[in-house]
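The structure appears below as structure tokens.
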Amino acid sequence: MAFQTNVFRNGAWVTETIDLQTVLRGSTTTAVPDPPSLPIPPTCGILTRTIIESPIARWVLPARLRSARHNDVAFVGDRYVSINELRKDGQLQEVLRKNDFGCRIRNALVIGNKYEHFRVIADESGPDHIKSEDEDDDTQMADFSSASGTGGSHGLLPPHLLLLVLESGSFLFLFIRRDLHGKLEFVVSPFHNPARRLGNLGFHVAADPRSRYIAVADAQNKFVIYELESMEFMGDQYMRHKSINPIKTHYPRALQGTILKMEFLYPRPEDEHHVILLLIVVKGDRSKMVIYEWERGDDLSQVLAEEKRGHRIAPEHRLPLLIIPLTVRSSFFAVSEHALGICKDPLQGPPDIETINPISHPATPFHHGTGVPLWTAWDRPVRRRRYYDTKDLIYLAREDGVIVFFEFNATDILSAAMNVGDCNCNISAAFTTMYDAYSDVAIVAGDSGPGMVFQLKPREPLVELGTIPNWSCAVDFVTTDALTTWNPESGPRGKAVVPWRQRTLDNLASPDKVLCASGNGPQGSITELRYGLPANTISYFEPLPTRRVWVFKTNDANWPHQMLMASPGTSDVLLVSADLSHAEMADPMSTKFDTASRTLEAAQSSDDIITQVSETCITTIGRDHSSRHDFDGFPGVDGIAEHAAVRGSCVSIFTADKSEEAPELIRLDVDDMSLEPDGGDAMDIAPTIELVNTVVAIAESKQQTSLVMGTRSGHLLTIQLSGAAPYHRRTFKERLGTSALEVLAVDASFLPNSVLVCCSDTLLLLRDFGSRRPGHFATRHRVWVTDLRHPATGSVPVISAASIPTDLGGNRIPLVLLSGERMSFTELYLQAGPVPKSLPLPGTPSKLLYSQTLQCLVVAVQIGQQPTILFMDPETGEDLSLPQDKHGNMTAFISGMGSPGDRIHAIYDWLFVRDGMTFHYLIITTAGGRLLLVTPKKEETRDPEGTSRTKIRFFTKYRLKEPTPIYAIVGDGDSIVYCAGNVLHWDVLDPVEKKLVRKKSYELNSPATSLRIVNGKISALTLSDSVVVIDHKSEHEHRDMTQIHADQVTRKSNHFFDVGECMDDQLAWPVTLLTGMDRYFTAVWTPWKEPQRELELVAEGPLPASVRKLQRGHVRPEWVATQRVPQYGSIPSTIDGAEVLGICLDGSLLHFSLLNTQAWRFLRLVENLALRSRLLFPYSYEVSVLDDEEYDAEAKETPKSMKHIDGDLLQRCIDYRALEKMISEDSDIDLLREYLDDLDDGDLTASFQDANNISKYFELAYDILDYYLAPVI
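Numbered per full-length UniProt numbering, the sequence shown spans residues 1 to 1273.
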């Protein structure tokens, strides 16, 4: 039986004939499957944090914040204060740093007389004594306590206070003291300024010469005068309350016009109570000087009640660059762009600025502007008390390094002027002078390259003493990572990329280097950014091969240190001088040590008895006697000893013949110097870890002993023993490397609970054992070996080290380091921070590239007005370049380079395969519209001494010329895409015609500054239109490129980079990070499956500085990377687990990381509560309350700025251990529990979730914060 029916088929109703059996079997229409669901934007948070701070110092201020005996100087940046000590050798060394102000520093000033030297007591005058021009060599300086009523010991104020004006309007008064443990710390006294309502005060700040008043003004027309308490009164305050309140009262005033300059003038020496305030006010095209004067104690409200009319200033000084108060006749020195002038006796009659004829100073090579060099800074050198009553001395500095010395007197005012010399750096406003025993010392913090420390000797050239690192303004940066994108198709040399889930220790390599380009002209350089502790080399020697050393104190004045060196089969003794600069080998016949066999262990007791354990005997050496005992004399001890340990009066040895038995314990009887074997308990750790090679007792008490052990597998093993034998034991294990790990004791009483660790040729200092978590060190830093005389020298590998007994103090310890055949004596400084290595360039860098194919840096450099490229060894900075013409002849510039006025805009490393052959070109584009395909060739050459050296020959293979600048370029297989002006071009290299052949073009609204090929499409970052996605391979009817995606809003961005964990379409990765010119970042998502759809916003947030460029790299130290896996909701930024970094224009380095929703919710809760914490914001504490609604700490999905997590704020939560105080309300604790229970599907809290133990939640919270804030470089 059959019948007809209507069937919906292929989108239309049709009539078909079907039979009954077909109906019974089911419909003949095949079910249409549901279309696949389209990807949606990923839901994630983004955590940003600063891993290296900006090196820029806005102010350099001599400030004796510790005591009158310390020659200290304060470097003040936008967000930090660094106190450095000027040492006898002219080097600066940081002693203390503070960067938790919570907002930007607007201005800084020293309160106290910084131009007159305070005397110290006679036995301490040596390092602080300075000779003035009029005093004899044996003249002693004055005691500070007699000058101010307070001394420099604990509980009393130092000579100076440092005033900081914060962007929040608060004032901070800082000085330094030692805490109960002898550690330096800042004492901060905030003043929450009630005058903040007047505006943004702090653009101008000035202090009365006698520190009785300070004046603070905004950038417009308002100023406030603050009356200060006396130093004596503040000293009494601190004695009673351990804090000070320097501000007595304040008086505001507004003017008609704009305040250009503000300074206090010097009254006559006999007018002790006279105060003079000078203001330069601009209104329209005229300027006037306004003077307010009063006697101390006058009612300032009456003094400021009337607005002064002031006196007009001559046109040549209408806009002075500097106003310098002089100590004679209340005069001042006006420094303008084209004139210098002196205003004599401004209080007597209408003041007039008398122009003087300056000495001619032609511009130096460090001038980079188009106009005349400008005067930028001045300072008054330190002299003895009362010297400046009748004279004045001024150093005036110009931006191109010129320094001029002026001398003034009370008769003629200007008595002498001379050019001191030119320093080899730029001079910004951060300039000051200090002193040493024989001359003035100038300190310059350059604004476009490194600064300097140099001596200013009378009638002698400048003497350079050292450099001050500065890698801002950073124009470009790279890492030595072999990969450049988040999801590379293949690894280096065609190898497969190993996803992060499959990575093992076999995939672990040395951390990638981070290098940035900066500087201008002669100061151009490549800087390797490193973080840790610097160990400055004092001297080094090349003795016999040494495996380990021990250093002991002696009573010999000439050689106060003797060093026992263990060599294969023998031992040697080296005698070392007190300053570690000289050493000589001791005669083996005169030494009491066993030098005939290798030393296994040695130690010096508190009563100076030395115990040496060698392979064959035990030697003890006292002040008056010594003894030696061979192992053959001990029952049960047979053969050669392999390992040994010495602790107090006990010696433990392990012999090779008894590898299956416990070590022998021998007790030393000090009274009769006899040795007896003793029974002891052996602890079996074989099931726990691999073979142990070193043991150090880190902490001992009556209740517990903690041991730190190093193993041959790279593990650090910590064992805590308590109770009676066989002891209760707790074991903690972590891996710091992949090779043998050696633990070494630190011989410094001020550094307890610390050890040195050598692993994989790297030295680490581990501190603060057990302070945060039992069995773990809270602080870990790598030690970088540096040489101040040769800053470009790399850190040598360290295979072993020893601490030298010292009484130096709390900021440095001496070490001896072994590096193969080299032995170095160093000073290790304990203040962690950047340890940059600078590689000089012959010109101004503009672009930087690391070529994985060539294994070298490619640098675009402007030498004079001519652009070129250099090939550099990233380790040594050696120039590998051998430029050639097309005939193979050596030339200064390859074809297309060296055109005056041109500039390189982009360098691209183009590697592609065609017909089974691999081709490699460097593509260079310039502002003049040139595009060059350069062929590089790596080859080995030999110098005249026969040493093999790597050189790179390169020449121009292809070139083309566009009429507009070429800003960006990217390779796409055997074709390239570049942007010339506003137009994108897609060209293919034709092997037959041997030239680039145009395929398509597309006009953009603005130039593309960066290009990338993503999913076969062109992703372009344009100058004014954010990201646009162009399909250049589409078969359009006009065969043109087509735009398929664009951003919803216009964003002016510097760079962009894709991040995400995998290529699964359902997870919708990647997202694109955009870093803006406005100190902001944005994360957007591209809907690749939906053409013509706009980009969607995922997250956004503020940054401390504008990020110039983003890069990826496996940069984490090996001691972090060996144990790090994605956990706690962390999302890898690339498929192989690399980190994403961003360099800022000011030189700071930022880290970006992705968070899943659960991790973001927890960290957002912490940040929400931290923003309301007075503990974390003691100087700028403000709480905003919207209407009368109760504040809710819950993590909100909107706005998208909530998706940003400030890692710097989280770091302060860890530093202050603030979670318990921040999360105290019941509702906040409930949120904490809820968010932590959601992490990792509840596995993290499953063991204590029902126990109602909130302390476990806080422990987990700290563990999560430690994980996300672990060291990155």
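Quick reminder that beta carbons are idealized off the backbone N, C-alpha and C, glycines included.
Compare the Cα-Cα distances from L741 to each of I280, G710, T891, L756 and report the closest residue. Each of I280, G710, T891, L756 was checked against the Cα of L741, and the nearest Cα belongs to G710.
Identify whether N536 lies in helix, strand or coil by the three-state DSSP scheme. When DSSP states are grouped into helix, strand and coil, N536 belongs to the strand group.
Contacting residues, own chain, Cβ-Cβ under 6 Å from A1195 (five flanking each side not counted): In the same chain as A1195, and ignoring 5 residues on each side of it, the C-beta atoms closer than 6 Å to its own belong to R1161, R1164, L1165, in chain order.
Helix, strand or coil for E94? Go by DSSP, reduced to three states. Collapsing the DSSP output to three states places E94 in a strand.
If you reduce the DSSP assignment to three classes, tell me which class K513 lands in. Of the three classes helix, strand and coil, the one that applies to K513 here is coil, per DSSP.
Length at least 3, wholly inside the stretch 591–647: the beta strand (DSSP E) runs in chain order: Entirely contained in the stretch 591–647, the beta strand (DSSP E) runs reaching 3 residues are, in chain order, 599–604, 610–614, 617–621, 626–630, 641–647.
Does DSSP classify S800 as helix, strand or coil? DSSP, reduced to helix, strand and coil, places S800 within a strand of the structure shown.
Between the Cα of A906 and those of T1009, N693, A74, spot the shortest distance and give me the residue it belongs to. The residue with the shortest Cα to Cα distance from A906 is T1009.
Does DSSP put L1210 in a helix, a strand or coil? L1210: helix per DSSP, three-state reduction.
Using the DSSP secondary-structure output, state which residues sit across from L1154 in a beta bridge. Looking at the DSSP output, L1154 bridges to I46, I1131.
So, under 8 Å CB-CB, residue 1289 and A1138 are touching, yes? Tell me the CB distance rounded to an integer number of Å. Past the edges of the chain, shown from 1 to 1273, lies residue 1289, and the structure says nothing about it.
Exposure label - L61; buried when at least 16 CB within 10 Å: With 16 or more other Cβ atoms inside 10 Å of its own Cβ, L61 counts as buried.
Cut-off 6 Å between Cβ atoms - residues of its own chain near G622, not counting five sequence neighbours on either side: Only I609 meet the Cβ criterion.
May I ask you to verify whether the stretch 837–846 touches the stretch 908–916, counting CB pairs closer than 8 Å and requiring at least 3? Fewer than three beta-carbon pairs drawn from the stretch 837–846 and the stretch 908–916 are found closer than 8 Å, and the two stretches are therefore not classed as touching.
Within its chain, find whatever has a CB closer than 6 Å to the CB of G491; leave out the 5 residues flanking it on each side and keep chain order. Cβ within range, chain order: V497.
Pull up the distance between the alpha-carbon of L1110 and that of L1141, whole angstroms please. Each residue's Cα considered, the two are about 6 Å apart.
Does the Cβ of V1049 have 16 or more other Cβ atoms within 10 Å, making it buried, or fewer, making it exposed? Flag for V1049 reads exposed.
In this structure, how does DSSP classify G199 when only helix, strand and coil are distinguished? DSSP places G199 in coil when its eight states are reduced to three.
So what's residue 1275 in DSSP terms, helix, strand or just coil? The displayed coordinates of the chain run from 1 to 1273. Any statement about residue 1275 would go beyond what the structure contains.
Run of the alpha helix (DSSP H) containing S301, from where it starts to where it stops: Start and end: 300–303.
What is the DSSP secondary structure of F233, reduced to helix, strand or coil? Judged by DSSP in its simplified three-state form, F233 adopts helix.
Relative to the C-alpha of D624, which residue among I618, D607, Q612, V1029 is closest? Comparing C-alpha distances from D624 to each of I618, D607, Q612, V1029 shows the shortest one belongs to D607.
Below-9 Å beta-carbon distance, I869 vs any chain D residue: Included in the structure is just one protein chain, with no chain D present.
Tell me which same chain residues have a C-beta within less than 8 Å of the C-beta of V1029, skipping the five on either side of it? If we look at V1029 and ignore the five residues flanking it on each side, its Cβ neighbours are V1014, K1017, I1018, S1019, A1020, Q1043, I1044, H1045, A1046, T1086.
Whole-number beta carbon distance between L164 and I111, since they are thought to touch under 8 Å: I111 to L164, Cβ: 11 Å. No contact.
Counting Cβ pairs, one atom from each stretch, are 3 or more of them under 8 Å apart for the stretch 780–788 and the stretch 711–718? Short answer: they don't touch.
Buried or exposed for E1061, please, with buried defined as at least 16 other CB atoms from any protein chain shown within 10 angstroms of its CB. Looking at its Cβ environment, which holds 16 or more other Cβ atoms inside 10 Å, E1061 is buried.
Going by DSSP, name the residue or residues bridged to Y908. Y908 pairs with I923.
Anticipated Cβ contact below 8 Å, A517 with V475, distance rounded: Contact annotation, A517 with V475: C-beta distance approximately 5 Å; criterion of less than 8 Å satisfied.
Look at F443 and G449 and say whether their C-beta atoms are less than 9 Å apart. According to the sequence as given, residue 443 is Ile; it is not Phe. No, these two residues do not count as a Cβ contact at 9 Å.
Could you check if E528 is buried or exposed, using at least 16 other CB atoms within 10 Å of its CB as the buried criterion? Note on E528: 16 or more other CB atoms within 10 angstroms of its CB, so buried under the neighbour-count rule.
Beta-carbon spacing of K288, R312 below 9 Å: Cβ atoms of K288 and R312: closer than 9 Å.
Contact belief for V187 with R177 at Cβ below 8 Å, rounded distance in angstroms: Taking 8 Å as the upper bound for CB-CB distance, V187 and R177 are in contact here, some 6 Å apart.
Sequence ranges, beta strand (DSSP E) only - wholly within the stretch 1092–1123, length at least 3: Counting whole runs of 3 or more residues, the stretch 1092–1123 contains the beta strand (DSSP E) stretches 1096–1102, 1107–1113.
Helix, strand or coil at Y387 [DSSP, three-state]: Per DSSP, reduced to three states, the secondary structure at Y387 is helical.
Per DSSP, what kind of secondary structure is N507 in: helix, strand or coil? In this structure, N507 counts as helix in the three-state DSSP scheme.
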